[in-house]
Amino acid sequence: MRKKEAHILIVDDDEDILFSARVWLKKFFTEVSCLSQPKNILKFLSEQQVDTVLLDMNFRKGFENGQDGLYWMQEIKTLEPQLPIILMTAYGEVELAVEALKNGASDFILKPWNNEKLYASVNLAVDVSRKNKKLNQWENINIKTNQYQLETQSLAMQEVMDQIERVSATDANVLLLGENGTGKYVLAEHIHELSERKNQPFVHIDLGSLSENLFEAELFGYKKGAFTDAHQDYAGKIENAQNGTVFLDEIGNLPLHLQTKLLSLIQNRKLSRIGESKERMLDVRFIFATNENLKKAVAENRFRKDLYYRINTVELNIPNLRERIEDISNLADYFLDKYKQKYHKPDLVLNEVLISELTHYSWPGNIRELDHCIERSVILSNEKNLKLLMPQDEESMLREPQHDNVKSLNIEQMEEILIKKALKKHRGNISLAAEDLGLSRAALYRRMEKFEL
Ligand SMILES: Nc1ncnc2c1ncn2[C@@H]1O[C@H](COP(=O)(O)OP(=O)(O)OP(=O)(O)O)[C@@H](O)[C@H]1O
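First residue of the sequence shown: -1, per our numbering; consecutive thereafter.
Laid out in structure tokens, this is it:
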């Protein structure tokens, strides 16, 4: 899943809360920072760009009346009046929630929270924050990464690239089919870049990462008061792509009732937000993607046939990496260049032996797996010689901690491997893993943060 470019700050004096909120939110947002002491908030905010703050309401033992949270919220508002703040408390007084909202909190979360709700609330706040900052929505959603490696020696891929060139100039709906990691997102972005809409928004909506109850609100937007949590009018993601391109990823996940709504939108080019009767004219180009067999989904009545025939005006089958062995060397070189720079190891090269090793592997995770393999290899290599850590080697390293299986004696790397192993063994139970490793829970947390586990 692609993370949203956003910086979330969590302020809580409970390390466990900081840890679990951070781990969960890191799945969706590019940067999540934590502070355990509220007195550091203002300094932090004056030094860093933050999109949303999650703020505990009680910092002092014996003063659990929420006043701390309200005080710090005011301090933040003085510094950054537009910054959305979500307050958290374990004490569920309705009056407190109302007071917080009246004082300008953008939402209120009860601990222990429901993860989906926490995500929904932060996600909404991030969108509001962007609008507040008066940034062009598309500049944020369309994360323009570096150039990709789009040259290809593979006939199957050349065919796809030719079709992409032909179709980009038109407004035809495009359906990209392919396994995970084959580059569907990269190609969707490329189609947009080649089109006349290239200076307009490119909005990626990943239906695989949204929970089903958020689909409709996220896609179509809503009117204030349309449902309990609708505190303000909200333009959905599709509307935010006006004049540009909407990339609807994992389209097979769309529930049937929303398939009907999407079909009508594609046919009529009119959109109405939830709770709103007026219709808005919509000018967007749609690109869809899935790794599912949509024909089968149609046969099983899980996907509307009429929608399928609407979205597949042009259907492109993206080959798996194992079907385009000719491209492995160029792609690997591209990733090597990228990671040589990132990890300051300019002398590393891929020789023929290594390339042959790469081409003899089946890459079930496709280009994404190759990308990760090269990155890990660069990290684990010394400055001079690139040593490949192939996916199967890494798995066996984790399975077999015997010394002769270990390829590196670097203590940090060993530490990371052991921590991963302990977490796997205890299925993520921090207390048991810490005990097994002979560490305190806090020490394990710190190391997990360090290794971004
Ligand atoms: N042509 C390419 N050049 C460089 N990197 C690429 C290329 N294609 C894919 N990648 C990289 O491979 C990874 C997977 O690509 P992408 O997200 O486009 O695949 P996907 O088919 O959309 O995957 P999924 O179905 O899992 O969402 C990304 O990190 C992307 O940057």
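The C-beta atom is built at its ideal place from N, Cα and C for all residues, glycine as well.
Beta-carbon spacing of residue i, residue j below 9 Å
i: Ala170; j: Thr311; result: yes
i: Tyr337; j: Val376; result: yes
i: Gly242; j: Phe200; result: yes
i: Phe106; j: Met446; result: no
i: Ile84; j: Gly102; result: no
i: Leu263; j: Leu280; result: yes
i: Glu35; j: Asp11; result: The residue asked about is misnamed: residue 35 is Gln in this sequence, not Glu. Taking 9 Å as the Cβ cut-off, Gln35 and Asp11 qualify as a contacting pair.
i: His5; j: Ser31; result: yes
i: Val184; j: Tyr146; result: yes
i: Leu81; j: Asp49; result: yes
i: Leu442; j: Gln411; result: no
i: Arg302; j: Leu334; result: no
i: Val9; j: Leu40; result: no
i: Glu248; j: Glu290; result: yes
i: Lys114; j: Ser209; result: Before going on, a small fix: residue 114 reads as Glu here, not Lys. Contact flag set, yes.
i: Leu256; j: Leu314; result: no
i: Leu269; j: Gly223; result: no
i: Val120; j: Leu52; result: yes
i: Leu148; j: Ala167; result: no
i: Ala432; j: Ser438; result: yes
i: Leu261; j: Arg195; result: no
Neighbour-count burial assignment, residue i, 16 or more Cβ in a 10 Å radius
i: Asn144; result: Interpretation of Asn144 is limited by its pLDDT of 46, a score under 50 that renders its predicted location unreliable; the figure taken from the coordinates is listed afterwards. Answer is exposed; the Cβ neighbour count stays below 16.
i: Arg164; result: exposed
i: Asn427; result: exposed
i: Leu305; result: buried
i: Ser360; result: exposed
i: Phe225; result: exposed
i: Arg425; result: exposed
i: Lys2; result: buried
i: Val96; result: exposed
i: Gly535; result: As shown, the chain starts at -1 and ends at 451. That puts residue 535 outside it, with no answer to give.
i: Lys182; result: buried
i: Gly64; result: buried
i: Tyr69; result: exposed
i: Ser429; result: exposed
i: Gln198; result: buried
i: Asn383; result: exposed
i: Arg0; result: exposed
i: His202; result: buried
i: Leu190; result: Before going on, a small fix: residue 190 reads as His here, not Leu. Its Cβ being crowded by 16 or more others within 10 Å, His190 is buried.
i: Ile15; result: buried
Identified DSSP bridge partners for residue i
i: Asn238; result: Asn238 is not bridged to any residue.
i: His5; result: Glu29
i: Gly219; result: Ala233
i: Met86; result: Asp54, Ile107
i: Arg283; result: Thr243
i: Leu490; result: As displayed, the chain neither begins before -1 nor continues past 451, which places residue 490 out of reach and without an answer.
Any C-beta of chain C under 9 Å from that of residue i
i: Leu430; result: The chain labelled as chain C is not found in the depicted structure, where only one protein chain is given.
Backbone secondary structure at residue i - three-state DSSP
i: His424; result: coil
i: Asp325; result: helix
i: Leu305; result: helix
i: Asn291; result: coil
i: Lys268; result: strand
i: Phe494; result: Look at the range of the chain in this structure, -1 to 451, and you will see that residue 494 is not part of it.
i: Arg20; result: helix
i: His202; result: strand
i: Thr311; result: coil
i: Ile415; result: helix
i: Thr143; result: Reliability fails at Thr143, whose pLDDT of 41 lies under 50, so the model's placement of it is uncertain and the value that follows must be treated cautiously. The answer is coil: DSSP assigns Thr143 none of H, G, I, E or B.
i: Arg278; result: strand
i: Val48; result: coil
i: Val184; result: helix
i: Val96; result: helix
i: Leu451; result: coil
i: Met159; result: helix
i: Val296; result: helix
i: Met453; result: Given that the chain is displayed from residue -1 to residue 451, the structure contains no residue 453 and the question cannot be resolved.
i: Pro36; result: helix
i: Phe213; result: helix
i: Arg366; result: helix
i: Arg374; result: helix
i: Asp250; result: Rather than Asp, the amino acid found at residue 250 in this sequence is Gly. In this structure, Gly250 counts as helix in the three-state DSSP scheme.
Pairing CB atoms from the segment 258 to 277 with CB atoms from the segment 313 to 323, are three or more of them under 8 Å? no
Would you call the segment 236 to 243 in contact with the segment 278 to 298, where contact means no fewer than 3 C-beta pairs closer than 8 Å? Three or more Cβ pairs closer than 8 Å define a contact, and the segment 236 to 243 meets that threshold against the segment 278 to 298.
Does the pairing of the segment 294 to 301 with the segment 153 to 167 give three or more beta-carbon distances under 8 Å? no
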